[in-house]
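Colleague: Protein chains in written order, with the numbering used here: chain P, 1 to 322; chain C, 1001 to 1411. Glycine included, every Cβ here is placed at the ideal spot set by N, Cα and C. Bear in mind that the values here come from a model prediction, so they are computed numbers and not experimental data. Quick one: structure below, then a few questions.
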Amino acid sequence: MTSTATHVAPQRAAGDGSTTPAPRPARRGRGLRFERIAQLLFLLPAVVFLVLFFGYPVVKNIVMSFQAYTTSTFYTGEAPWVGLSNYVSVVSSQLFSTALLNTALFTIGSIVGQFVLGLLLALFFRRNFPLSGLLRSLLLLPWLLPLIVSSAVWKWMLDQDSGVVNQFLGIFGIGSVPWLTSPAVALITVIGVNIWIGIPFNTTILYGGLQDIPTELYEAAALDGATGWKAFWSITWPMLRPVVSVTLVLGVVYTIKVLDIILGLTNGGPANATQTIATQSYDLSFKQFDFGQGAALSNILIVISALFAIVYLRLNRKAIDD
Amino acid sequence: MKPRHRRTPKVLSAVAMLAAVPLVLAGCSGGSSASSGGKVDSITVLDYYNQGNDKKVIGEYLDKCGAENDVTIKRSLVPGASLIQKVLQQASSKTLPDVLMLDNPDLQQIAETGALSPLTDYGISTDGYAKGVLQAGTYKGKVYGLAPTVNTIALFYDKKKLAAAGVTPPKTWDELKTASAKLTANGEYGFAVDANATYEGTWQFLPFMWSNGGDEKDIATAKTAEALSLWTDLVKDGSMSKSVVNWTQADVNDQFMAGKAAMMINGPWQIPALKDSGIDYGIAQIPVQSASDTAVAPLGGEVWTVPNTGDKAKQQVAAKVVDCMNDAKNQLAMAKLRYTIPSKTEVAQQFGKDVPEEQVFVDLVADARARTGELGADWPKAATKIYTAVQSALTGQDSPADALKNAQSSN
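Here is the structure:
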């Protein structure tokens, strides 16, 4: 942003100078300076915002992760420097590998499910049929509910003995499924609920992308005999690619840090089966009051998310270069 | 010339911006009025009784105690889960309230920071309180918090169901197993506890562990394994739902009220809901392994403290309000209104006579043990280990002994 501003400034100043036949250096300099100040003033709100609400917390979190930051720190302000020991204890904890694996499974499972179902629904709603507008807006419902409310309702519906889901399955002779109470099933259940929550986001964005594909392309393709699957693979998918990559990267960044749904459904249980890096970090900071270790773990999470963002930027640049 | 013109404003604005940051931040934290000396008109109070009956009763008695000391009470309420975060935030911005309520296991954690002042500094008497109550309120030999009323957990049973099955309330673990098995039928369970992955799950397991001689310092012992085996056996033989690993105490109470569990472990705070539901319930002590064992109950309840706000005059008045809340008459009145137990032993005896239904709780509270009694500020780590072990044993991942061993050795 700043670099473009510096390039533009001299050009415009030169343009102004050309109107006066004999440019006087002093005046020209002053005009230039005011313009620069004005430009910087326009930047100021954005910079202040970023420094206050993005830079400060990130820096604070990094500093915190190298300190013995406990409840006492809040009152006394003293947080002894402990070097890497927070990172060492967090990574060497027995739970770390479980949490890392769960985070990976949760993220991949949720993204695949949300994306595939979201895309299918988006394709479905592209056809106009009676009530399609109404149904499409109803689809947004999971998105509108506060997460803590939807997770409470799901927890209730998925109760092993009296939950409505198992009662419904019972009609077909399927025995009671331990949705949230078996360590083998709980993670799958939590992923399922998260997919349900993520579908509206995916559908909305992908539907928007589909609207941008000109219908003439399909008409022309149909004349050449490309319909159905063929049309999807040769027109829809390539045209949708940029939207797909945005959806996936945003999806990963949103999913990797999911906290409230897991806390609401299982609290990381049973037997740590749904413990992720995010829930573990929350637990360390706000339940065991070890803010240093909590910060260390959340920094690891930030690095993982940042890697995805970098991959995205790379892919994007490559697409533009091509 | 040119480059300088270009640079200067940038540098200037950057400096100005950096200079503004602390100003903005300082603006957020101001607001504490340190008016030492002079007459105190009002004091601030922070607590988490933010709903229904508790909110009303505590509010009335705070106002009453304020009026006795010629001050108005400015009360702030937060949900239970966010109280500690609020307190830490206020501690760092030096805006702590004059009177602060804390859940008793959090007291030592907060006292450790230095944010609280010892109540004995204000000449408040600590005589007559149950041992566990003082234990919970004490940090490094000094009492920082006192609870007007306290609670614990016991066995609630459905009188009709027990009569129909021909069982009496179980007193020992064997009786509990046979009674639960008999009471289990047609999709209804004999027994229910909260074994979820939170401190609530730990709290419910404590009476079983402690009564059997287990200890939080080292949970990898045979005594604790026996207590955990009792729970796993109850789940294995189907007398207790597998869902207990995901139930809160409120869920357990719902199951009981819906007639889906004939017996449950819960606390006196559920009594109003139980009365409304019209269920005919009885309360008994939690069964112990052999009839000769003494039941050890965990102490629950909230303590009132006086934070170090720096305003000595206000702190004096705040201490008087805390003292007034703990006055024998007020303890008894609040106990009756809130179905909790007075923390002073003599008052509790009187309460037991007035409300015979809660005599069980009165007996238990007299010898109840504070969760932070042994480990102090390290309790949260031990509590996490306990619920982790309970969860992995109940879900069949490990045997009770292995589950406890793994949890104990984890860091």
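Per DSSP, which residues does Gln67(P) bridge with? Please list them.
Modeller: Note: Gln67(P) sits in a beta bridge opposite Trp81(P).
Colleague: Just to confirm the assignment, what range does the beta strand (DSSP E) spanning Asn1246(C) have?
Modeller: Careful: Asn1246(C) lies outside any beta strand (DSSP E) and carries neither H nor E.
Colleague: Per the contact definition of three or more C-beta pairs closer than 8 Å, is the segment 73–87 of chain P in contact with the segment 51–59 of chain P?
Modeller: With a cut-off of 8 Å, the segment 73–87 of chain P and the segment 51–59 of chain P do not count as touching, because too few Cβ pairs lie within range.
Colleague: Given a limit of 7 Å on CB to CB distance, which residues of the segment 166–194 of chain P reach chain C?
Modeller: Of all residues in the segment 166–194 of chain P, Pro178, Leu180, Thr181, Ser182, Pro183 have a Cβ within less than 7 Å of some Cβ in chain C.
Colleague: Between Pro1207(C) and Ala1297(C), which are expected to be in contact by the criterion C-beta below 8 Å, what is the C-beta distance as a whole number of angstroms?
Modeller: Correct: roughly 5 Å between the Cβ atoms.
Colleague: When we look at the beta-carbon of Arg241(P) and count the other beta-carbons within 10 Å, is it buried (16 or more) or exposed?
Modeller: The residue is exposed, with fewer than 16 neighbouring Cβ atoms inside 10 Å.
Colleague: Go through its chain and collect everything with a Cβ distance to Gly1301(C)'s Cβ below 7 Å, but skip five positions before and after it.
Modeller: If we look at Gly1301(C) and ignore the five residues flanking it on each side, its Cβ neighbours are Asn1104, Ala1147, Thr1149, Val1150, Asn1151, Thr1340.
Colleague: Would you say Glu1112(C) lies against chain P (beta-carbon separation less than 8 Å)?
Modeller: At least one chain P Cβ lies under 8 Å of Glu1112(C).
Colleague: For the segment 221–249 of chain P, which residues have a CB atom closer than 8 Å to at least one CB atom of chain C, in sequence order?
Modeller: Listed by position along the chain: nothing, the set is empty.
Colleague: From Trp1210(C) to Trp1203(C), what does the alpha carbon distance come to, in whole angstroms?
Modeller: If you take the alpha carbons of Trp1210(C) and Trp1203(C), they lie about 11 Å apart.
Colleague: Please determine if the segment 1376–1385 of chain C and the segment 281–292 of chain P are in contact, where contact requires at least 3 C-beta pairs separated by less than 8 Å.
Modeller: Flag = yes, the segment 1376–1385 of chain C and the segment 281–292 of chain P touch.
Colleague: Can you confirm whether Gly83(P), when its beta carbon is compared against all beta carbons of chain C, has any partner nearer than 8 Å?
Modeller: By this cut-off, Gly83(P) is not an interface position.
Colleague: Identify whether Asp1415(C) lies in helix, strand or coil by the three-state DSSP scheme.
Modeller: Given a span of 1001 to 1411 for chain C in the structure shown, any question on residue 1415(C) remains unanswerable.
Colleague: Counting pairs of Cβ atoms below 8 Å between the segment 154–166 of chain P and the segment 1230–1248 of chain C, do you hit three or more?
Modeller: Output reads yes: the segment 1230–1248 of chain C touches the segment 154–166 of chain P.
Colleague: Going by other Cβ atoms of all chains shown within 10 Å of its Cβ, with 16 needed for buried, is Gln1085(C) buried or exposed?
Modeller: Result: exposed.
Colleague: In this structure, how does DSSP classify Tyr56(P) when only helix, strand and coil are distinguished?
Modeller: Three-state DSSP puts Tyr56(P) in a helix.
Colleague: Count the C-beta pairs between the segment 1309–1326 of chain C and the segment 1118–1137 of chain C that are closer than 8 Å, then say yes if the count reaches three, no if not.
Modeller: Touching, yes.
Colleague: Work out the CA separation of Val90(P) and Leu44(P) for me, nearest whole Å.
Modeller: Approximately 39 Å between the Cα atoms of the pair.
Colleague: Can you confirm whether the segment 1247–1261 of chain C touches the segment 1220–1236 of chain C when touching is taken to mean that 3 or more C-beta pairs between the two stretches lie within less than 8 Å?
Modeller: Cβ pair count under 8 Å is below three, so no.
Colleague: Alpha carbons only, please: which of Ala104(P), Phe115(P), Leu138(P) is nearest the one belonging to Ala278(P)?
Modeller: With distances taken between Cα atoms, Ala278(P) lies closest to Ala104(P).
Colleague: Tell me which residues of the segment 94–119 of chain P have at least one Cβ-Cβ distance to chain C shorter than 9 Å, keeping chain order.
Modeller: Flagged, chain order: Gln94, Leu95.
Colleague: DSSP on Asn128(P), reduced to helix/strand/coil?
Modeller: Here Asn128(P) sits in coil by DSSP.
Colleague: Can you list, in chain order, the residues of its chain with a C-beta nearer than 7 Å to that of Gln1181(C)? Leave out the 5 residues immediately preceding and following it.
Modeller: A small fix is needed here, since residue 1181(C) is Ala in this sequence, not Gln. Excluding residues within five positions, the ones whose Cβ falls inside 7 Å are Gly1190, Asp1237, Ser1239.
Colleague: Could you give the DSSP three-state label for Arg1075(C): helix, strand or coil?
Modeller: The answer is strand: DSSP assigns Arg1075(C) an E or B state.
Colleague: Kindly say whether Ala1192(C), judged by its beta-carbon, lies nearer than 8 Å to any beta-carbon of chain P.
Modeller: Cβ-Cβ to chain P under 8 Å: no for Ala1192(C).
Colleague: Among Val1235(C), Leu1274(C), Tyr1144(C), Leu1107(C), which has the Cα closest to the Cα of Pro1400(C)?
Modeller: The shortest C-alpha separation from Pro1400(C) is found at Val1235(C).
Colleague: Return helix, strand or coil for Val1099(C), following the three-state DSSP convention.
Modeller: Reduced to three states, the DSSP call for Val1099(C) is strand.
Colleague: Name, going along the chain, the residues of the segment 1243–1267 of chain C whose beta-carbon falls closer than 7 Å to a beta-carbon of chain P.
Modeller: If the cut-off is 7 Å between Cβ atoms, the segment 1243–1267 of chain C has Ser1243, Val1245, Asn1246, Lys1260 near chain P.
Colleague: Along the chain, where does the alpha helix (DSSP H) containing Asp1194(C) start, and where does it finish?
Modeller: First-last for Asp1194(C): undefined, no H or E at that position.
Colleague: 8 Å is my cut-off, CB to CB: does Gln211(P) come that close to chain C?
Modeller: Chain C contact via Cβ: absent.
Colleague: Using a C-beta to C-beta distance shorter than 9 Å, which residues of chain C count as neighbours of Gly133(P)?
Modeller: Correct list: empty, because the minimum Cβ distance to chain C is about 39 Å.
Colleague: What does the alpha-carbon distance come out to for the pair Ser1032(C) and Ala1091(C)?
Modeller: Because the pLDDT of Ser1032(C) is 41, which lies under 50, any placement of that residue in the model is unreliable, and the number read from its coordinates should be weighed accordingly. Taking the straight line from one Cα to the other gives about 11 Å.
Colleague: Does DSSP put Leu145(P) in a helix, in a strand, or in coil?
Modeller: The answer is coil: DSSP assigns Leu145(P) none of H, G, I, E or B.
Colleague: Please return the same chain residues whose Cβ sits closer than 6 Å to the Cβ of Gly268(P), not counting the five positions on each side in sequence.
Modeller: Cβ neighbours of Gly268(P) beyond the five flanking positions: Thr274, Gln275, Thr279.
Colleague: Rounding to the nearest angstrom, what Cα-Cα distance links Thr1395(C) and Leu307(P) in this structure?
Modeller: In a straight line, the C-alpha of Thr1395(C) is about 36 Å away from that of Leu307(P).
Colleague: Find the residues of chain P that neighbour Pro1118(C), judging by a C-beta separation of less than 9 Å, and give them in chain order.
Modeller: Simply none; closest approach about 15 Å.
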